[in-house]
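Here's the structure we're looking at; comments come further down.
Protein chains: 2
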Amino acid sequence: MDARTLTAVATRQSDEQVSRQERKQRTRQALLDAALRLLKDRTFAGLSLREVAKDAGIVPTAFYRHFESMDDLGIALVERAMRSLRTMIREARQNPATYDDAIRSSVHTLHTHVRANEAHFRFLTRERYGGTGPVQAAITTELRLFASELAIDLGRFEGLSEWSAEDLRMMADLIVTAMLGIVMELVDVRTADPDADEEIAAKARKQLRLIVLGVAGWSS
Amino acid sequence: MDARTLTAVATRQSDEQVSRQERKQRTRQALLDAALRLLKDRTFAGLSLREVAKDAGIVPTAFYRHFESMDDLGIALVERAMRSLRTMIREARQNPATYDDAIRSSVHTLHTHVRANEAHFRFLTRERYGGTGPVQAAITTELRLFASELAIDLGRFEGLSEWSAEDLRMMADLIVTAMLGIVMELVDVRTADPDADEEIAAKARKQLRLIVLGVAGWSS
DNA sequence: CATTACAGTGAACAACTGTGCACTGACAAG
DNA sequence: CTTGTCAGTGCACAGTTGTTCACTGTAATG
């Protein structure tokens, strides 16, 4: 079952009666999908233009009709993956219950979203730390922004309303880092073992609880 | 100022009167150094055998006299970098004072060691998350072991003596992940700004304090 | 002093890379 | 119906890659 064939067929079968620019956007998607697929066991840096093009079912030179360079493609991939992340956080945000409820549901939505969009999250965590160049820069920026938003959200909880912006940011960074670690563990699990998943989720809950408990005794 | 020339000269000037195997080990070192040097702005995956060989001042084929493959070289690099880390932790371990003292001195030694061995720590953090294949596997294993040792150390502190092994491990993982995040920030700072360094160190202390404070309220 | 072991050499290879160029054919606009 | 736009093609190129092979000079061994 060749991925290339799949893409080609999928494209062709719905090629009838579609506008020209729509078809262009479809191959663009095919390129992004191909890249994401190949990234399963490779770093972005070790990904070649020709390979991606071939896997998307087009000739290497046609690649340039959609992206200026591989870095360009990479940045588009970052945006796409961050949209996944933002969708998730929006879902997690809408229940401003107690600490314990927040932890429980947050970890649950995290787990669910990671499993549903494994490739995106694998890409994000890998390139966040391991990458170089424009792609890593883009992720760093986006994640910084993300932590800022989390810091604001944290400020709304009881016991945190009087924290300084700096301290809130510190706590947000800690949470983001810890949860990225959890995401890494989730996407790096070789076999899809539900028990292992639950174990990791339990660890995530405990880590968050430990952090939150620290809030009670905090003095800046 | 070519690194290749530097290495070659440095080798030659002390070539006189050294045993054969000693000289071999010296070029082996040159290879490791070259790799580490090139890794400053590249992923290990994007590092070519020829490049490393050239930078070490030998011809590509001579590389095989020292390493079976690039992955082999990578694993040797992991061992070398982990020795750095272990040296550090041994130094940090020898003062079993109060929590606050432990945090202060730990962050201090961390900061010092990272600045003294930037290349090693950059390599470790990058490949830990970003890598693939044998190199990442080696780092993961070593770091897991490292966290286990930390968990044991933690068990000796007051308030933690009755924690379950699992909970201690959870806490150790959280600390390791958080500190690796700090290390990442340290080695990714573009310019060597002492103020930025102190800011990061302060954040590290606060994060550790927040975690430690959580211990007081913990109930498994 | 003669012989062996072996770190390092240099040429050659097949495979792969990114990118330039002239092209084709189908769709959209006039 | 004619014409221009443009996604995708195919060839070509100059580099770089890992690895092979037969080799050279010299330090270590007997």
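Protein chains in written order, with this note's numbering: chain A, -11 to 208; chain B, -11 to 208.
Glycine residues also receive a C-beta, built at the ideal position from the N, C-alpha and C atoms.
- Task: From the DSSP output, in three-state form, read off residue 86 (chain B) for me.
- Result: Position 98 of the second sequence, counted from the first residue, corresponds to residue 86 (chain B). It is coil, neither helix nor strand.
- Message: Measuring alpha carbon to alpha carbon, tell me which residue in A:205, A:77, A:54, A:39 is nearest residue 151 (chain A).
- Response: Within the first sequence, residue 151 (chain A) is the residue found at index 163, counting from 1. The alpha carbon of residue 151 (chain A) has as its nearest neighbour, out of A:205, A:77, A:54, A:39, the alpha carbon of A:205.
- Item | Three-state class that DSSP yields for residue 197 (chain B) in the structure shown | Indexing the second sequence from 1 puts residue 197 (chain B) at position 209. DSSP places residue 197 (chain B) in helix when its eight states are reduced to three.
- Task: For residue 3 (chain B), count neighbouring C-beta atoms within 10 Å of its own C-beta (all shown protein chains included) and say buried if the count is 16 or more, exposed if not.
- Result: Within the second sequence, residue 3 (chain B) is the residue found at index 15, counting from 1. Low confidence applies to residue 3 (chain B): its pLDDT is 41, below 50, so where it sits in the model is not reliable, and the reading given next is rough at best. Classification for residue 3 (chain B): exposed.
- Message: Strictly under 8 Å for the Cβ-Cβ distance: is residue 39 (chain B) near chain A by that measure?
- Response: Stepping through the second sequence from its first residue, residue 39 (chain B) is reached at position 51. Chain A contact via Cβ: absent.
- Identify which residue in B:157, B:120, B:169 has its Cα closest to the Cα of residue 34 (chain B). Taking the first residue of the second sequence as 1, we reach residue 34 (chain B) at position 46. The shortest Cα separation from residue 34 (chain B) among B:157, B:120, B:169 belongs to B:120.
- Can you give the Cα-Cα distance for residue 201 (chain B) and residue 191 (chain A), rounded to whole angstroms? Counting from one through the second sequence, the residue named residue 201 (chain B) turns up at place 213. Counting from one through the first sequence, the residue named residue 191 (chain A) turns up at place 203. For the pair residue 201 (chain B) and residue 191 (chain A), the Cα-to-Cα distance works out to about 18 Å.
- For residue 130 (chain A), which residues of its own chain have a beta-carbon under 6 Å away from its beta-carbon, when the five flanking residues on both sides are left out? Translated into positions along the first sequence, residue 130 (chain A) becomes position 142. Closer than 6 Å at the Cβ level, and outside the excluded window around residue 130 (chain A), lie 70.
- Message: Using the three-state DSSP reduction, which class does residue 35 (chain B) fall into: helix, strand or coil?
- Response: If you number the second sequence from 1, residue 35 (chain B) lands on position 47. In this structure, residue 35 (chain B) counts as coil in the three-state DSSP scheme.
- Message: Quick check on residue 7 (chain B): buried or exposed, where buried means 16 or more other Cβ atoms within 10 Å of its Cβ?
- Response: Position 19 of the second sequence holds residue 7 (chain B). The residue is exposed, with fewer than 16 neighbouring Cβ atoms inside 10 Å.
- Task: With DSSP as the reference, label residue 169 (chain A) as helix, strand or coil.
- Result: Within the first sequence, residue 169 (chain A) is the residue found at index 181, counting from 1. Annotated three-state conformation of residue 169 (chain A) is helix, per DSSP.
- Query: Relative to the C-alpha of residue 31 (chain A), which residue among A:110, A:93, A:68 is closest?
  - Reply: Numbered from its first residue, the first sequence carries residue 31 (chain A) at position 43. When C-alpha distances from residue 31 (chain A) are compared across A:110, A:93, A:68, the shortest belongs to A:110.
- Does DSSP put residue 114 (chain B) in a helix, a strand or coil? As a first step, residue 114 (chain B) is located in the second sequence; it is residue number 126 there, counting from the start. In the structure shown, residue 114 (chain B) adopts helical secondary structure according to DSSP, grouped into three states.
- chain A contacts made by the stretch 187 to 199 of chain B, where a contact means CB separation under 7 Å: Interface annotation for the stretch 187 to 199 of chain B against chain A: 191, 194, 195, 198, 199, criterion Cβ-Cβ distance under 7 Å.
- Query: Which residue from B:156, B:76, B:13, B:143 puts its Cα closest to that of residue 98 (chain B)?
  - Reply: The residue labelled residue 98 (chain B) in the question sits at position 110 within the second sequence. With distances taken between Cα atoms, residue 98 (chain B) lies closest to B:76.
- State yes or no: is the beta carbon of residue 132 (chain A) nearer than 8 Å to at least one beta carbon in chain B? Translated into the one-based positions of the first sequence, residue 132 (chain A) becomes position 144. Closer than 8 Å: no.
- Going along the stretch 14 to 26 of chain A in order, which residues come within less than 7 Å of chain B, judged by CB to CB distance? Residues: none.
- Query: DSSP on residue 179 (chain A), reduced to helix/strand/coil?
  - Reply: For the purposes of this step, residue 179 (chain A) is taken as the residue at position 191 of the first sequence. Judged by DSSP in its simplified three-state form, residue 179 (chain A) adopts coil rather than helix or strand.
- Message: Is the separation between the beta-carbon of residue 127 (chain B) and that of residue 112 (chain B) shorter than 8 Å?
- Response: The count along the second sequence starts at 1 and reaches residue 127 (chain B) at position 139. The count along the second sequence starts at 1 and reaches residue 112 (chain B) at position 124. Residue 112 (chain B) is positioned such that its CB atom lies closer than 8 Å to that of residue 127 (chain B).
- Message: For the alpha helix (DSSP H) containing residue 27 (chain A), name the first residue and the last one.
- Response: Residue 27 (chain A) sits at position 39 when you count from the first residue of the first sequence. That residue, residue 27 (chain A), is in no alpha helix (DSSP H); it is neither H nor E in DSSP.
- Message: Buried or exposed, going by whether 16 or more other CB atoms sit within 10 Å of the CB of residue 12 (chain B)?
- Response: Mapped onto the second sequence, residue 12 (chain B) falls at position 24. Under this definition residue 12 (chain B) is an exposed residue.
- Item | For residue 145 (chain A), three-class secondary structure by DSSP | Here residue 145 (chain A) refers to the residue found at position 157 of the first sequence. When DSSP states are grouped into helix, strand and coil, residue 145 (chain A) belongs to the coil group.
- Chain-order list of residues whose beta-carbon lies under 8 Å from that of residue 116 (chain A) (same chain, five-residue window excluded): Here residue 116 (chain A) refers to the residue found at position 128 when the first sequence is read from its first residue. The beta carbon of residue 116 (chain A) lies closer than 8 Å to those of 124, 127, 128, 131, 168 in the same chain, with the five residues before and after it left out.
- Message: Whole angstroms are fine: how far does the CA of residue 158 (chain A) sit from the CA of residue 137 (chain A)?
- Response: In the first sequence, counting from the first residue as 1, residue 137 (chain A) sits at position 149. In the first sequence, counting from the first residue as 1, residue 158 (chain A) sits at position 170. One alpha carbon belongs to residue 137 (chain A), the other to residue 158 (chain A), and they sit about 13 Å apart.
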